[in-house]
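Enquirer:
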Amino acid sequence: MDPATFSTLFEEPQLRRLRELAELGDPVVTDDLDTPEVRRRLREVEVLVTSWGCPRLSEERLADAPGLRAIFHCAGTVRTFVTDEVWRRGILVTNAADENAIPVAEFTLAAIIFAGKKAPFLAQDARRHRADWSFATSRGELSNRGRTIGVVGHSRVGRRVVERLRDLEVEVLVADPYADAGEVAAAGAQLVALPELLRRSDVLTLHVPALPSTRHLIGAAELAMLRDGATVINTARGAVIDTAALERECVSGRLDAMLDVTDPEPLPADSPLYDLPNVMITPHIAGSLGSETRRMSESALDELERYLHGRPPRAAVTADEFKVSA
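Numbering-wise, the sequence shown is residues 10 to 335 according to my numbering.
What follows is the structure, encoded as structure tokens:
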């Protein structure tokens, strides 16, 4: 992993536990698997603990690690570095995506509540209308009660968002071709097709992985189905939305947007989205940061301990799941 990532994920309590569980040597952390020293060390390795910045585990690199049996990932997706050769070799892979989903769901709930009150947009208005707060009535009804929230993707994050929405008096719709209607209903939501969800939603929140099948899942036609004044929230991946189509809708003022991810990321400096009073952009902060990341390192250490004691992993990633999940 990237050395700066390592210093955040592994403070002294995590390092102490790692030393208790494993034989470590120098270098303990690296994001370059191609130096002679690291290649030599890989020949002795049974387990890799990985995170952001891990290089792709190509066939050539894995050839340097004939004894590798397990990869414990201290982050969400393993897509950036796991290759077909990893599955071919039967190497155990786990990730901490469940732990990373927690702050994303928390951020999303806050965004949904703020969307109902139009809070980020009124905050910008307040800078221009300092002497008179009557401008607050210009953005329609400011309320969350009775809203319809459309959750696209009953994923790790999507499920947590649905659970948290139980605290609000809202109707929750879910669109996901892989979701079970009974499971969605038990969580207090209704499983519907994407077009129906779009037509009925006051707030649209996206929780699908970045796959070829989900690129521009929300394009011009889909955005046009949303009600006037609806808010689009994206804490998933920027490419899920057609940025040009979203720009047109937001420039017109018909839709609002709260974007923690964009396509590209960051947006070009001349993107109109930066300056619109009905758009909030944050720099990809919904996921685990600071102390939140240590949920993920502790999860990976839990998996390492289970591995050492011959117990099954809790968060294994399979080749089949890899095809459709983040």
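Glycine included, each C-beta is placed from N, C-alpha and C at the ideal position.
Because the structure is a prediction, the values reported are computed rather than measured.
For Ala184, which option in Glu231, Ala74, Asp35 has the closest C-alpha, if you only look at C-alpha atoms?
Expert: Numbered from its first residue, the sequence shown carries residue 184 at position 175. With distances taken between Cα atoms, Ala184 lies closest to Glu231.
Enquirer: Express the C-alpha separation of Glu108 and Ala233 in angstroms, rounding to a whole number.
Expert: Here residue 233 refers to the residue found at position 224 when the sequence shown is read from its first residue. Here residue 108 refers to the residue found at position 99 when the sequence shown is read from its first residue. Those two C-alpha atoms are separated by around 35 Å.
Enquirer: Counting pairs of beta carbons, one from the stretch 154-171 and one from the stretch 108-122, are three or more of them closer than 8 Å?
Expert: The stretch 154-171 is in contact with the stretch 108-122.
Enquirer: In whole angstroms, what separates the C-alpha of Thr157 from that of Arg50?
Expert: Looking up residue 157 in the sequence shown gives position 148. Looking up residue 50 in the sequence shown gives position 41. Approximately 55 Å, taken between the alpha carbons.
Enquirer: According to the Cβ coordinates, are Ala182 and Val212 closer than 7 Å?
Expert: What you label residue 182 is simply residue 173 of the sequence shown in a count that begins at 1. What you label residue 212 is simply residue 203 of the sequence shown in a count that begins at 1. Checking the sequence shown, residue 182 turns out to be Leu, not Ala. Contact flag unset, no.
Enquirer: Rounded to whole angstroms, what's the CA-CA distance from Lys332 to Glu68? Just pull it up for me.
Expert: If you number the sequence shown from 1, residue 332 lands on position 323. If you number the sequence shown from 1, residue 68 lands on position 59. The alpha-carbon atoms of Lys332 and Glu68 are separated by roughly 19 Å.
Enquirer: Among residues of its own chain, excluding the 5 on either side of Ala106, which ones have a beta-carbon nearer than 6 Å to its beta-carbon?
Expert: Start at 1 with the first residue of the sequence shown, and residue 106 comes out as number 97. Excluding sequence neighbours, Ala106 sits near Gly85, Arg165.
Enquirer: Alpha carbon to alpha carbon, how far is Asp43 from Leu174? Give it in angstroms, no decimals.
Expert: Numbered from 1 along the sequence shown, position 165 holds the residue referred to as residue 174. Numbered from 1 along the sequence shown, position 34 holds the residue referred to as residue 43. Each residue's Cα considered, the two are about 47 Å apart.
Enquirer: Using DSSP bridges, identify the partner residues of Ile250.
Expert: Within the sequence shown, the letter at position 241 stands for residue 250. Ile250 is bridged to Ile227.
Enquirer: Per DSSP, which one or two residues make a beta bridge with Ile242?
Expert: Position 233 of the sequence shown, counted from the start, is the residue given in the question as residue 242. DSSP lists Thr214, Met267 as partners of Ile242.
Enquirer: Assess contact between the stretch 269-283 and the stretch 299-319, defined as three or more Cβ pairs (one per stretch) separated by less than 8 Å. Is contact present?
Expert: Because the criterion of three Cβ pairs below 8 Å is not met, the stretch 269-283 and the stretch 299-319 do not touch.
Enquirer: Can you tell me whether Glu258 is buried or exposed, with buried defined as 16 or more other CB within 10 angstroms of its CB?
Expert: Looking up residue 258 in the sequence shown gives position 249. The residue in question, Glu258, is buried, as its Cβ has 16 or more Cβ neighbours within 10 Å.
Enquirer: Can you grab the Cα-Cα spacing for the pair Val193 / Glu55, in whole Å?
Expert: Counting from 1 along the sequence shown, the entry for residue 193 is found at position 184. Counting from 1 along the sequence shown, the entry for residue 55 is found at position 46. So the alpha carbons of these two residues sit roughly 40 Å apart.
Enquirer: Quick check: what's the CA-CA separation for Phe81 versus Phe90?
Expert: Position 72 of the sequence shown, counted from the start, is the residue given in the question as residue 81. Position 81 of the sequence shown, counted from the start, is the residue given in the question as residue 90. The alpha-carbon atoms of Phe81 and Phe90 are separated by roughly 12 Å.
Enquirer: Sorted by chain position, which residues of the same chain lie with C-beta nearer than 7 Å to Glu301's C-beta, five sequence neighbours on each side aside?
Expert: By 1-based counting over the sequence shown, the position of residue 301 is 292. The answer, listed in chain order, is Pro112.
Enquirer: For Arg315, which residues in the same chain have their Cβ closer than 8 Å to its Cβ, ignoring the five residues on either side in sequence?
Expert: Taking the sequence shown and counting its residues from 1, one reaches residue 315 at position 306. Taken in chain order, the residues that qualify are Pro321, Pro322, Arg323.
Enquirer: Quick check on the burial criterion: 16 or more other C-beta atoms within 10 angstroms. Buried or exposed for Gly149?
Expert: On the sequence shown, position 140 is the one that residue 149 refers to. So Gly149 counts as exposed.
Enquirer: Taking DSSP's pairing of strands, which residues face Leu200 in a bridge?
Expert: Taking the sequence shown and counting its residues from 1, the one referred to as residue 200 is at position 191. Leu200 is bridged to Val183.
Enquirer: What whole-angstrom Cβ distance do His293 and Asp269 have, given they're in contact under 8 Å?
Expert: Here residue 293 corresponds to residue number 284 of the sequence shown, with the count starting at 1. Here residue 269 corresponds to residue number 260 of the sequence shown, with the count starting at 1. Right, their Cβ atoms sit about 6 Å apart.
Enquirer: Kindly indicate the opening and closing residues of the beta strand (DSSP E) around Leu57.
Expert: Taking the sequence shown and counting its residues from 1, the one referred to as residue 57 is at position 48. Leu57 -> beta strand (DSSP E) spans 56-59.
Enquirer: Give me whichever residues DSSP pairs with His82 in a beta bridge.
Expert: Here residue 82 corresponds to residue number 73 of the sequence shown, with the count starting at 1. According to DSSP, His82 bridges with Thr59.
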